[in-house]
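Since the structure comes first, as structure tokens, the remarks are kept for the end.
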DNA sequence: CGCGCCATTGACTCTGGTCAACGCTAGTGG
DNA sequence: CCACTAGCGTTGACCAGAGTCAATGGCGCG
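Residue numbers (my numbering), protein chains in the order written: chain A, 1 to 226; chain B, 1 to 226.
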């Protein structure tokens, strides 16, 4: 039936702020949508007609400089909300890394609903604050950490985030390309590749297709938090 | 009399969300406080007992790595709000760059007030979203821009922010040290110094005590947005 | 006057970027 | 079924932008 009631990410998404009654209200406002890998959800500066609740998949959020340099500002996973700012234009671009399922809402519809639900606004604010906190961590990473530390911190944060959405395994899936990782960490694809090789040689990880096996988690953690 | 009614930053702070009646309410909850230059407002991970509305001065917000590397995640000016996340522990450290005046609120008092004022929460959310947007811009700067571009972007953003709080002049005050600028831009003090010298030699700026004179704004802007 | 702090400048180093070759794998078409 | 190709990832050789280390300068303050 595909309703909010049996939504897999209900407990961890903004919807956890809602009562059963409200859940069915918002259910009637939502448009479940699927995006194939590599397709665009929205682009920077374009009118923000919709907001999104990701229920499945991985989305990259990024900004481009005029000459084509790209900075990925975050990867959004199941449970994450896109369009937190509720502004009339998107501040970043978003496209699906893997096949992705979302609950889409017209922004006007969502903000109208929001005006009647202060506790949902509170939850949205919590989400925005959390995003801000992650962004600040990422600033530390980009401004002050070495390539090794960046890769380690990236792996650790993915481990934690995947754990939160139910995926716990010594093998960490990396659905995004090396280029995506490089553009997230402020490195080049070659440096990412070399650093993986170096960590593999030291026994910290084993590189497998579409992921890495974390064979020495304490070592990675030490590098990440140094 | 020093009340919210005649607050210089009322119009641009979170307080702009409040009616005259509410303004006098919050007035009675506020503790006007002064911090001398170089003193600490709060430190990372310590219990967040208070939130702050800056009415005058400049505050640096930063994170430290265990080995002492520092990343400044932002400079807060008059009108800015500290403690947006309303979490029980501070996520960053804050200290005064210049002598600073704030309206301080006990966090519990503020959140209680907030629970009765959804429009203030909305305003707070707007502030948090704006902060997030600035953080994303800073990620682009730290991840993908050259030293020249970082300095230029830094100067341009300061020009805009000072303009918003009423300071418009070709001479831009730089109350923070070179070390602060370096730690904000992910550079070293030497690179900051060299880049200022280089821009000065090219005629874009003149370095003056505690500031720079922007003698070729278009040139700076071009570098900043490239 | 002299001390100390901050900023500037120079010489040299090094981390990570650039450029280029090569390999692997999946998908295509003969 | 296998040869060919395209795209992604890895590796190597070399390079350059920014970092490091060190000396010097300028200024405020005791």
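Every residue, glycine too, gets a C-beta built ideally from N, C-alpha and C.
**Prompt:** So, is the C-beta of residue 186 of chain A closer than 8 Å to a C-beta in chain B?
**Reply:** yes
**Prompt:** What residues from the stretch 36-54 of chain A come within 7 Å of chain B, judged by C-beta to C-beta, listed N to C?
**Reply:** none
**Prompt:** Can you tell which of A:67, A:92, A:30, A:33 has its C-alpha closest to the C-alpha of residue 60 of chain A?
**Reply:** A:92
**Asked** Which residue or residues does DSSP assign as beta-bridge partners of residue 50 of chain B?
**Response** B:106
**Prompt:** Is residue 13 of chain B helix, strand or coil when you go by DSSP?
**Reply:** coil
**Message:** Could you tell me the alpha carbon to alpha carbon distance between residue 108 of chain B and residue 182 of chain A, rounded to whole angstroms?
**Reply:** 42 Å
**Request:** List the residues of chain A whose Cβ lies closer than 8 Å to the Cβ of residue 131 of chain B, in chain order.
**Result:** 132
**Request:** Would you mind telling me which residues of chain B sit closer than 7 Å to residue 136 of chain A, beta carbon to beta carbon, in chain order?
**Result:** 63, 73, 91, 92, 135
**Message:** Could you check whether residue 96 of chain B and residue 36 of chain B sit closer than 8 Å to each other, using their CB atoms as the reference points?
**Reply:** yes
**Message:** Does chain B have any CB closer than 8 Å to the CB of residue 226 of chain A?
**Reply:** yes
**Asked** Would DSSP call residue 24 of chain A helix, strand or coil?
**Response** helix
**Prompt:** Looking at the C-beta of residue 139 of chain A, does it have a partner C-beta in chain B at a distance below 8 Å?
**Reply:** yes
**Prompt:** Beta-carbon of residue 203 of chain B versus every beta-carbon of chain A: anything under 8 Å?
**Reply:** no
**Request:** Could you tell me which residues DSSP puts in a beta bridge with residue 70 of chain A?
**Result:** A:64
**Proximity winner among B:53, B:195, B:133, relative to residue 83 of chain A (alpha-carbon distances)** = B:133
**Item:** Classification of residue 150 of chain A by the beta-carbon crowding that lies within 10 angstroms, buried from 16 upward
**Value:** buried
**Request:** Rounded to whole angstroms, what's the CA-CA distance from residue 121 of chain A to residue 190 of chain A? Just pull it up for me.
**Result:** 43 Å
**Message:** Can you pull the chain A neighbours of residue 67 of chain B, defined as C-beta to C-beta under 9 Å?
**Reply:** 226
**Request:** Give me the Cα-Cα distance between residue 56 of chain A and residue 102 of chain A, rounded to the nearest whole angstrom.
**Result:** 7 Å
**Message:** Here's a check: name, in chain order, each residue in its chain whose Cβ is nearer than 6 Å to the Cβ of residue 175 of chain B, leaving out the five neighbours to either side.
**Reply:** 58, 97, 98
**Request:** Grab the span of the alpha helix (DSSP H) containing residue 192 of chain A for me, first residue to last.
**Result:** 189-201
**Prompt:** If you drop the 5 nearest sequence neighbours on each side, which residues of the same chain put their C-beta closer than 6 Å to that of residue 239 of chain B?
**Reply:** What the structure shows of chain B is the stretch from 1 to 226, and residue 239 of chain B is not part of that stretch, so it cannot be assessed.
**Request:** Kindly indicate which residue of A:46, A:3, A:196, A:16 has the alpha-carbon position closest to the one of residue 32 of chain A.
**Result:** A:3
**Message:** Looking at chain B, is there any beta carbon in it that lies within less than 8 Å of the beta carbon of residue 78 of chain A?
**Reply:** no
**Message:** For a cutoff of 8 Å on Cβ pairs, would you count residue 143 of chain A as touching chain B?
**Reply:** yes
**Per-residue burial, residue 131 of chain A [other beta carbons within 10 Å of its own, 16 or more giving buried]** = buried
**Request:** Compare the C-beta of residue 128 of chain A with all C-beta atoms of chain B and state if any pair is closer than 8 Å.
**Result:** yes
**Prompt:** Under the rule that 16 or more other beta-carbon atoms within 10 Å means buried, what is residue 253 of chain A, buried or exposed?
**Reply:** The structure shown does not extend to residue 253 of chain A, since chain A spans only 1 to 226, so no value can be given for it.
**Message:** I need the straight-line Cα distance from residue 287 of chain B to residue 204 of chain B, nearest angstrom please.
**Reply:** Nothing about residue 287 of chain B can be reported from this structure: the residues present for chain B run from 1 to 226 only.
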